[in-house]
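Here is the structure we will look at, set down as structure tokens.
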Amino acid sequence: MHVPYSDTVTVMKKIAGRLTASHWGVGVVNVEKGRIISVDSHPQDPKGSAINGNIAGSLHGRARVLRPAVRQGWLENGPGHRGVERGKDRFIEVDWDQALDLVANELKRVRVDHGNEAIFAGSYGWSSAGRFHHAQSQLKRFLNTQGGFVRSEGNYSYNAALVLMPHIVGHYRQHVVQATRWSVVARHTKLVVLFGGVAERNTQVSDGGVSRHKTADNLNACAKAGVRFVNISPLRGDCMETLEAQWLPPRPGTDTAVMLGLAHTLYTEDLYDRAFIKSHTVGFDKFLRYLSGQEDGVAKTAEWAAQISGLEADTIRELAREMASKRTMLSTAAGVQRTDYGEQVLWMTVTLASMLGQIGLPGGGYTIGYGVNANIGNTERLFRWATLPQGKNPVENFIPVAMISEMLLKPGTQYPYNGQQRTFPDIKMVWWAGGNPFHHHQDLNRLHQAFQRPDTIIVNEFNWASTARHADIVLPVAAPQERCDFGAGKSDDGLVPMPAHVQPAGQARTEYDIYCDLSERLGSLAEFSEGRDGDQWLRVLWEQTQQAAEQAQVELPDWDTFIAGDMLQIPDPSPDQVFLADYRADPDAHPLPTPSGKIELYSEAIAGFGLDDCPGHATWFEVRDQQRPGHERYPLFMLSGQPKTRLHSQLDNGDYSKQYKIKDREPVLVHPQDAAPRNLQDGDVVELYNERGRCLAGVRITDDIRQGCIFLWTGAWHDPDYSTASHRDRHGNPNVLTHDERTSSLAQGPAAHSTQVQMQRFDDPLPTVTVHEAPEFASLP
Ligand SMILES: Nc1nc2c(c(=O)[nH]1)N[C@H]1C(S)=C(S)[C@@H](COP(=O)(O)OP(=O)(O)OC[C@H]3O[C@@H](n4cnc5c(=O)[nH]c(N)nc54)[C@H](O)[C@@H]3O)O[C@H]1N2
Ligand SMILES: Nc1nc2c(c(=O)[nH]1)N[C@H]1C(S)=C(S)[C@@H](COP(=O)(O)OP(=O)(O)OC[C@H]3O[C@@H](n4cnc5c(=O)[nH]c(N)nc54)[C@H](O)[C@@H]3O)O[C@H]1N2
Ligand SMILES: [Mo]
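If you read the sequence shown in full-length UniProt numbering, its first letter stands for residue 1, the second for the next number, and so on.
Here it is in structure tokens:
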């Protein structure tokens with residue numbers, strides 16, 4: 001196959017030279033007098049994302065970090081000063097020379113006094129699109145020239161899957177790539193059962209970028225072909241209305257029980273596939289002892305599942321029979337494993353699908369994470385795009401990503417992870433670039449305490465969100481539209497030119513230039529830059545991408561032509577992908593990378609770890625907040641999924657995000673029967689609280705949510721009111737309420753969705769949300 005450049009690209013004159021790439025899609029930038037006034041979607045995107053509407057307001061917003069800034073207490077007293085707490089202290093703006101001298105000297109000091117194991121630069125976060133300027137790659141490349149750093153492993157999205165799946169099926173990142181295509185589902189499947197739905201709002205986004213949004217069209221094609229959808233989720237909106245799904249809202253955190261009830265029906269009515277269980281799985285007999293109640297005296301019947309989940313026993317039984325009678329795809333959203341004991345729902349999905357025996361058949365089996373991004377089930381890349389080489393990290397130590405507070409609060413202590421006993425390092429310096437832990441981590445009041453521990457915290461940012469406000473040194477960085485790059489999603493089929501459209505705001509600089517200047521001070525410029533400036537690196541990365549393309553028989557234009565033109569579409573390598581088809585066809589020729597080579601419904605390895613919170617087979621556990629003494633005081637189950645109006649916390653001060661706020665607060669979805677006894681009207685402001693924290697939010701009343709549950713979107717910039725004892729967040733960030741206990745001691749993944757709260761109308765005078773404004777600066781003494 002030879003695809004010449006002229007066939008893969010349509011240079012549309014009107015938009016040539018005006019493109020930008022974001023994780024939420026391609027934008028066409030409109031500039032007037034050196035300022036971005038708006039960003040439209042690409043005309044060829046069937047479902048362009050409105051999140052583009054945040055770019056102009058946020059880039060030119062009042063919260064931009066315009067100059068390097070140093071926390072007053074740190075500047076006056078040096079590293080490690082405890083004085084005014086981080087987050088509460090004021091900042092002093094300094095010039096670049098002073099900021100870079102401070103950073104270089106502090107880096108030297110920490111290395112000499114404590115070694116590189118005292119530097120944490122896990123720096124989790126989504127950063128921005130752009131292959132070269134990717135914030136974490138830049139930081140890691142720089143620190144690797146300085147002797148390395150403690151990194152983090154895994155992610156907040158699907159950490160339970162990343163750790164569990166290799167034990168029972170294989171590498172989860174591969175599974176995302178190999179997910180059965182929706183086009184195959186449209187042709188073959190009769191029933192799709194969605195645990196946690198497939199939220200269209202989430203399919204706006206894909207890591208690194210998405211050139212065309214295909215999920216909505218592909219799902220609608222399934223419905224048109226007669227596929228029946230069942231949405232098992234506390235939120236009706238987790239499934240597009242046009243799919244006319246049957247909505248079954250369970251109590252959150254009970255999906256494992258529902259699946260056990262389904263499995264019990266399949267077993268007792270002899271509707272399960274004995275042959276597949278025998279040929280393709282191990283350990284069913286042990287699981288069966290648990291399912292039947294032989295192990296613990298409790299048969300996991302449909303009635304048992306109904307009592308736990310709040311669904312009807314008959315509904316569960318009928319669904320099991322229907323599943324066994326036709327081609328069925330099970331889908332479990334990533335959000336459903338971002339819960340207490342999130343490993344179990346994954347294991348039970350695999351177990352249930354194994355009993356149905358359709359794994360590896362077109363449109364049958366299971367998928368974990370449909371809806372986790374815009375590309376899963378829709379497209380894949382034909383060849384690999386080049387990345388900035390990060391070099392080698394001489395430090396071997398790492399932490400599971402969601403143990404950041406644990407690590408900072410408990411240096412030197414031991415913790416379990418994936419069958420190992422590990423020891424936390426003693427961290428003196430934290431450096432964050434391209435992530436916002438005061439958005440993404442759980443129990444932010446605990447994180448605030450943890451962030452008091454290190455000697456020095458450096459944050460590279462373009463906005464004064466809460467993480468920057470918890471730093472000692474803040475370095476202002478150029479935004480994607482202020483620098484030149486190319487965008488290409490990790491699983492996307494497009495290459496997007498990203499020319500610079502405006503000058504960096506204030507004194508902001510690219511991170512590459514910042515690290516070059518630091519490297520010069522530290523005597524390692526040649527190693528870091530390899531003698532290249534940013535433009536030269538872009539040309540090198542493009543040449544490498546051209547070479548990879550050539551091997552796949554695709555011809556890419558030269559860099560200058562590309563950067564001035566339209567996006568390129570690369571052919572999809574596997575439009576008929578069926579997950580685990582090879583394994584199904586011949587399990588001996590294509591063994592799975594598990595200890596047995598088969599699907600492990602019972603894992604000797606995991607059982608051998610002897611963990612109370614993750615035994616050797618799928619097991620039901622009640623969520624933790626329900627088991628705590630006095631839990632009745634917090635009767636509402638709070639879900640906190642991804643926001644429609646932005647990517648996590650990014651550009652929260654943009655117009656589209658702000659348009660949805662209620663009296664400047666993040667909206668919280670409330671069921672009418674939860675609103676009435678609390679005397680709440682649509683548009684009221686409420687206070688949400690539990691023992692971990694408090695926040696305000698704006699009430700949106702809807703019967704699209706299960707009664708007893710509320711839904712508060714993630715990503716409102718944390719805006720703590722330090723004059724209140726609880727540091728009440730004025731804005732509506734759910735993570736002041738979530739707990740920091742993680743899924744289990746197997747995966748140590750975040751478990752944000754399992755949170756109980758109480759809610760009351762807020763009748764006091766409304767405090768102003770301040771976090772969208774720049775902080776008040778102190779001046780140099
Ligand atoms: N309660 C709850 N919490 C959750 C979740 C949940 O479901 N519920 N979901 C979790 C999930 S799945 C995820 S992935 C995380 C996301 O958490 P994050 O990825 O940390 O969230 P973002 O808001 O994308 O943070 C990116 C930050 O990087 C900055 N940034 C962007 N581009 C650049 C750049 O080029 N350079 C630098 N230096 N900075 C840049 C942005 O301004 C922003 O502050 O949140 C997690 N948190
Ligand atoms: N617009 C937009 N899109 C995004 C993102 C964003 O920030 N903005 N973030 C991206 C990222 S990083 C990720 S990881 C993905 C996340 O994609 P998902 O993990 O799929 O998203 P969530 O919104 O966390 O969860 C999906 C739904 O699960 C439901 N749910 C929660 N707990 C339970 C439960 O116990 N049982 C059942 N049955 N359902 C439950 C909730 O109703 C929630 O709406 O989204 C990506 N897409
Ligand atoms: Mo994520």
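Beta carbons are placed, not taken as given, at the ideal position from N, Cα and C, and that holds for glycine.
Just measuring C-alpha positions, the residue of S22, Y415, E318 sitting nearest D492 is S22.
When the beta-carbon positions are compared, I399 and A118 stay at least 7 Å from each other.
The criterion of a C-beta distance shorter than 7 Å is satisfied by G196 and S233. Secondary structure of V177 (DSSP, three-state): helix. Three or more Cβ pairs closer than 8 Å define a contact, and the region 467-484 meets that threshold against the region 499-518. A straight line joining the alpha-carbon of R289 with that of T281 spans about 16 Å. For a cut-off of 8 Å, the C-beta gap from L330 to L352 is around 6 Å, short enough to register as a contact.
Under the DSSP assignment, G25 falls in the beta strand (DSSP E) whose first and last residues are 25-32.
Comparing alpha-carbon positions, the option among T254, A216, H731 lying closest to V699 turns out to be H731. With the rule of 3 Cβ pairs closer than 8 Å, the region 334-348 counts as touching the region 363-375.
Contact between the region 515-529 and the region 457-474 is absent: fewer than 3 CB-CB pairs across the two stretches fall below 8 Å. Within the model, the alpha-carbon separation for T467 versus H441 is close to 11 Å.
Distance between D255 and R327, taken at the CA atoms: about 21 Å. When the beta-carbon positions are compared, D682 and I705 stay at least 7 Å from each other. Taking the Cβ of S157 as the reference point, at least one heavy atom of ligand 3 falls within a distance shorter than 6 Å.
Under the Cβ criterion (8 Å, minimum of three pairs), the region 545-555 counts as touching the region 380-388.
The beta carbon of L102 sits closer than 7 Å to the beta carbons of V70, I473 from its chain, once the five residues preceding and following it are set aside; these are given in chain order. Taking a C-beta distance under 7 Å as the contact criterion, R728 and A697 do not qualify as a contact pair. Look at W431 here: in three-state DSSP terms it is strand. With a threshold of 6 Å, the Cβ atom of S233 counts as near ligand 2, since some heavy atom of the ligand is closer than that. The C-beta separation of G494 from I570 comes to about 7 Å, placing the pair in contact by the 8 Å criterion. Nearest to H167 by C-alpha distance, out of D764, P480, L346, L262, is L346. Boundaries of the alpha helix (DSSP H) around V110: 96-114. In this structure A500 is in contact with R483, their Cβ atoms being roughly 5 Å apart against a cut-off of 8 Å.
Between E741 and R624 a beta carbon distance of about 6 Å is seen, short of the 8 Å cut, so the two are scored as contacting.
In the three-state DSSP reduction, G73 falls in the helix class (H, G or I). By the C-beta density criterion, V112 is exposed, having fewer than 16 other C-beta atoms within 10 angstroms. With contact defined as three or more Cβ pairs closer than 8 Å, the region 262-277 and the region 218-230 are not in contact.
It is roughly 25 Å from the alpha-carbon of S183 to the alpha-carbon of M165. Here H617 carries a strand assignment [DSSP, helix/strand/coil]. Judged by the Cβ position, N116 fails to qualify as a neighbour of ligand 2 at the 6 Å threshold, every heavy atom of the ligand being at least this far.
In the pairwise beta carbon analysis, the region 526-537 is classified as not touching the region 47-61: fewer than three pairs are separated by under 8 Å. Secondary structure note for I55: it is in no beta strand (DSSP E), and the uninterrupted alpha helix (DSSP H) holding it is 55-59. Taking the Cα of A56 as reference, the smallest distance to any Cα among G654, T770, F562 is reached at G654.
Distance from the C-beta of D655 to the nearest heavy atom of ligand 2 is not below 6 Å.
Taking a C-beta distance under 7 Å as the contact criterion, A160 and G749 qualify as a contact pair.
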